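Numbering (our numbering), first residue to last: 3 to 372.
A virtual CB, placed ideally from N, CA and C, is assigned to each residue, including glycine.
All figures in this text were calculated on a predicted structure; none of them were measured in a lab.
Following: one structure in structure tokens, then a few remarks.
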Amino acid sequence: MNQFPAVDPIPLPAPVWLLKALHIVTLSLHFIAVELLLGGLLLAAVLSIARNNPGARTVTAAIAKRLPIVMTYVINLAVPPLLFAQVLYGRALYTSSVLIGAWWIGVIGLLMATYWLLYRFAARVENGRRAWWVGLLAWALAGTVARVLTSNMTLMLRPEVWQAMYQTSASGTNLPVGDPTIFPRWLFMMAGGLLFAGLWLIWLAGNAPAEQTERRQLARFGGMLAVPMTIVQIMAGVVVIATQPAAIIAKMNGNWVYPLAREVWLAALALCFVAGAIAIFARRTSVLVAWVSALIALLASLSMTLYRDGIRDTTLLTKGFDVWNRTVVTNWSVVGLFLVLFVAGLGVIAWLMTVVARAQHTPAAKVVEA
């Protein structure tokens, strides 16, 4: 018996392959913003304790003032992939969202509180006040949001537990338990934040308007973070794959796309290691290394998201949900207009990133105890 709700009779407005491609691209960009927020916030909060260290002050000042802006990217870049996911996987995603409804709606409040704390953290750092506890509180709330999202995206793959979960509580206040994949997936994203924070520092070192000494401090801290966290991220990825059912991984290995995505992800992480090592030992900061690090981060996120998409599609297919089996009626003029606007939007985002990078750098000397 198929446990998923009936297919919506309204046909899809574009081919499944196009909707999935847009979903993967936009979700990859969202993941990058999330990783920058989680990793950058944790790093800045911890380093703000060591305010007598010039390098720590430089990194804290560089990151803290940019975190509220990163949060805007996190929120706005979350909307497109969520909409594409609802179109493609609505029968599963709506059900899992209802089952944890209280938590799902509570994400809005958690995000608002996190946003407010980010501004307070940035202000306290700029004014030389103790800020570590504000940063850690914001990080804990952001991590809770990540936990809820991970739970929902995993629960949508488990229709066999929906009925029992609803019978246990119809209030939507319970999060799913008993799934061995939830914690590894959450940990994978949290650990990746520190890797991306390191790459972010390398990028800022090549683009932020700062003295050469401060650029070197940013680059060295970024490299010293990216090198070990590359290894940690690979280990976390191995754990995520190991917790998946063997039958799912076997089916994915039979499709050349997913093994290729996995190999590209590993290659991207190897390049992250190299970029981090260069940032540590190079005598001068390099704009080329900075932008190569950004491209590597994008490549790693795209390949990881594609592999994640394969886990979802393969798991759902084994349970009777074929995302490709949909009626499609395409209006190509509308689709073409959308794609033009989509590319233009990405261009605007890239331009805004350069504007943020060129924002006036907070003098590290100001980050001292009041």
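Residue j beta carbon less than 8 Å from that of residue i
{"i": "Trp105", "j": "Thr152", "result": "no"}
{"i": "Ser305", "j": "Ala263", "result": "yes"}
{"i": "Ala140", "j": "Leu43", "result": "yes"}
{"i": "Ile65", "j": "Ala46", "result": "yes"}
{"i": "Ile207", "j": "Ala292", "result": "Note that residue 207 corresponds to Ala in the displayed sequence, not to Ile. Closer than 8 Å, so yes."}
{"i": "Arg61", "j": "Gln219", "result": "Arg is not the amino acid found at residue 61; the sequence shown has Val there. Yes, Cβ-Cβ distance for Val61 and Gln219 is below 8 Å."}
{"i": "Ala125", "j": "Val72", "result": "no"}
{"i": "Pro83", "j": "Thr329", "result": "no"}
{"i": "Val325", "j": "Val9", "result": "no"}
{"i": "Ala87", "j": "Leu95", "result": "yes"}
{"i": "Val89", "j": "Leu21", "result": "yes"}
{"i": "Leu197", "j": "Gly41", "result": "yes"}
{"i": "Ile250", "j": "Ile351", "result": "no"}
Rounded C-alpha distance that separates residue i from residue j
{"i": "Asn257", "j": "Ser303", "result": "20 Å"}
{"i": "Gln246", "j": "Met254", "result": "11 Å"}
{"i": "Pro230", "j": "Asn176", "result": "36 Å"}
{"i": "Asn327", "j": "Arg222", "result": "50 Å"}
{"i": "Gly92", "j": "Asp315", "result": "13 Å"}
{"i": "Ala277", "j": "Ala144", "result": "28 Å"}
{"i": "Pro7", "j": "Val48", "result": "47 Å"}
{"i": "Thr28", "j": "Val342", "result": "15 Å"}
{"i": "Cys274", "j": "Val242", "result": "20 Å"}
{"i": "Trp202", "j": "Leu38", "result": "7 Å"}
{"i": "Met192", "j": "Glu128", "result": "26 Å"}
{"i": "Tyr117", "j": "Ala133", "result": "15 Å"}
{"i": "Gly322", "j": "Pro261", "result": "23 Å"}
{"i": "Ala172", "j": "Gln165", "result": "10 Å"}
{"i": "Val259", "j": "Trp267", "result": "12 Å"}
{"i": "Ala284", "j": "Pro11", "result": "59 Å"}
{"i": "Ser98", "j": "Lys67", "result": "36 Å"}
{"i": "Leu354", "j": "Gly194", "result": "24 Å"}
{"i": "Ala279", "j": "Pro182", "result": "35 Å"}
{"i": "Asn209", "j": "Ser335", "result": "39 Å"}
{"i": "Met167", "j": "Ile77", "result": "29 Å"}
C-beta neighbour in chain D for residue i, strict 8 Å
{"i": "Val18", "result": "No chain D appears in this structure, which consists of one protein chain only."}
Chain-order list of residues whose beta-carbon lies under 6 Å from that of residue i (same chain, five-residue window excluded)
{"i": "Ala16", "result": "Thr332, Val337"}
{"i": "Gly174", "result": "Ile102, Gly103, Ala104"}
{"i": "Pro186", "result": "Val241, Val242, Thr245"}
Closest residue to residue i among the options (Cα-Cα distance)
{"i": "Ala281", "options": "Thr329, Gly225, Val81, Trp205", "result": "Gly225"}
{"i": "Ala23", "options": "Gly322, Asp311, Thr320, Leu319", "result": "Asp311"}
{"i": "Thr307", "options": "Leu31, Ile12, Pro11, Pro13", "result": "Leu31"}
{"i": "Ile184", "options": "Ala199, Gly41, Arg160", "result": "Arg160"}
{"i": "Ala270", "options": "Val259, Ile233, Ile243", "result": "Ile233"}
{"i": "Ala199", "options": "Val89, Val136, Ala248, Leu69", "result": "Leu69"}
{"i": "Ala272", "options": "Gly111, Gln214, Ser295", "result": "Ser295"}
{"i": "Thr74", "options": "Phe86, Met114, Ile51", "result": "Met114"}
{"i": "Gly239", "options": "Ala284, Phe190, Ala248, Tyr260", "result": "Phe190"}
{"i": "Ile51", "options": "Gly137, Gln5, Ser335", "result": "Gly137"}
{"i": "Leu301", "options": "Thr287, Phe283, Glu265", "result": "Glu265"}
{"i": "Pro56", "options": "Glu216, Ile204, Thr320, Leu20", "result": "Glu216"}
{"i": "Thr373", "options": "Phe344, Thr356, Glu162", "result": "This structure cannot settle anything about residue 373, because the visible part of the chain is limited to 3 through 372."}
{"i": "Met155", "options": "Pro178, Val76, Thr356, Ala142", "result": "Pro178"}
{"i": "Ile204", "options": "Phe123, Val289, Ala248", "result": "Val289"}
{"i": "Ala212", "options": "Ala142, Thr287, Met167", "result": "Thr287"}
Helix, strand or coil at residue i [DSSP, three-state]
{"i": "Leu14", "result": "strand"}
{"i": "Val331", "result": "coil"}
{"i": "Gln214", "result": "helix"}
{"i": "Met192", "result": "helix"}
{"i": "Ile102", "result": "coil"}
{"i": "Phe373", "result": "One cannot answer for residue 373 here, as it falls past the ends of the chain, which runs 3 to 372."}
{"i": "Val336", "result": "helix"}
{"i": "Lys67", "result": "coil"}
{"i": "Leu318", "result": "helix"}
{"i": "Pro56", "result": "helix"}
{"i": "Ser305", "result": "helix"}
{"i": "Met158", "result": "coil"}
{"i": "Leu79", "result": "coil"}
{"i": "Thr183", "result": "coil"}
Nonlocal neighbours in the same chain, by C-beta distance under 7 Å from residue i, ignoring five residues either side
{"i": "Val109", "result": "Val147, Val150"}
{"i": "Leu339", "result": "none"}
Cβ shell of residue i (< 8 Å), same chain only, five flanking positions each side left out
{"i": "Ile236", "result": "Leu268, Leu271"}
Residue i Cβ short of 7 Å to the ligand FAD heavy atom set
{"i": "Val325", "result": "The ligand content of the structure shown is nil, which means the ligand FAD is not present either."}
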